[in-house]
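Novice:
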Amino acid sequence: MTSAEAHWREDAACRVADPEEMFADSARQKRAKAVCLGCPVRTECLVDALDNREEWGVWGGMTERERRTLLRRRPHVTSWRQVLQAAGGGVPRAG
Numbered sequence: 001m002t003s004a005e006a007h008w009r010e011d012a013a014c015r016v017a018d019p020e021e022m023f024a025d026s027a028r029q030k031r032a033k034a035v036c037l038g039c040p041v042r043t044e045c046l047v048d049a050l051d052n053r054e055e056w057g058v059w060g061g062m063t064e065r066e067r068r069t070l071l072r073r074r075p076h077v078t079s080w081r082q083v084l085q086a087a088g089g090g091v092p093r094a095g
């Protein structure tokens, strides 16, 4: 992991958000996802969550349910960074 990869959290939009918001129940997840919309490190966040199989919270604009769906559809992916880079760096859609 490079220094830039290790420190993406310093630039995250959610660093100033209430942590409870990012781990909200389904009724409040839209607000949490809105925090991610303009985040400069959204892709890095999502890569980290997918590669590490984060089970809870909104990461990179995706809920735990959306990430589980994506992981089930692509079970053999070992590096989500490579997948996202190949797709043009965008955040994939779960549905």
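The opening residue of the sequence shown carries number 1 in my numbering; numbering runs sequentially from there.
The beta-carbon is built from N, C-alpha and C at its ideal position, and this holds for glycine as well.
Here's the rule I'm using: 16 or more other beta-carbon atoms within 10 Å means buried, otherwise exposed. How should G95 be labelled?
Specialist: The residue labelled residue 95 in the question sits at position 95 within the sequence shown. Bear in mind that the predicted position of G95 carries a pLDDT of just 46, short of 50, making it unreliable; the figure below should be weighed with that in mind. It counts as exposed.
Novice: Taking buried to mean at least 16 other C-beta atoms within 10 Å of its own C-beta, is L100 buried or exposed?
Specialist: One cannot answer for residue 100 here, as it falls past the ends of the chain, which runs 1 to 95.
Novice: For R9, would you say it is in contact with chain C, using Cβ-to-Cβ distances shorter than 7 angstroms as the test?
Specialist: In the structure shown, chain C cannot be found, because there is only a single protein chain.
Novice: I need the straight-line Cα distance from S3 to T78, nearest angstrom please.
Specialist: For the purposes of this step, residue 3 is taken as residue 3 along the sequence shown, with counting starting at 1. For the purposes of this step, residue 78 is taken as residue 78 along the sequence shown, with counting starting at 1. Here the model assigns S3 a pLDDT of 48, short of 50, so the residue's position is not dependable, and the following value carries that caveat. Roughly 21 angstroms separates the two Cα atoms.
Novice: At what residues does the alpha helix (DSSP H) containing A32 begin and finish?
Specialist: Position 32 of the sequence shown, counting from 1, holds the residue named residue 32. A32 -> alpha helix (DSSP H) spans 29-37.
Novice: Would you tell me roughly how many angstroms separate the C-alpha atoms of G60 and G38, rounded to the nearest one?
Specialist: Position 60 of the sequence shown, counted from the start, is the residue given in the question as residue 60. Position 38 of the sequence shown, counted from the start, is the residue given in the question as residue 38. Rounded to whole angstroms, G60 to G38 spans 10 angstroms at the Cα level.
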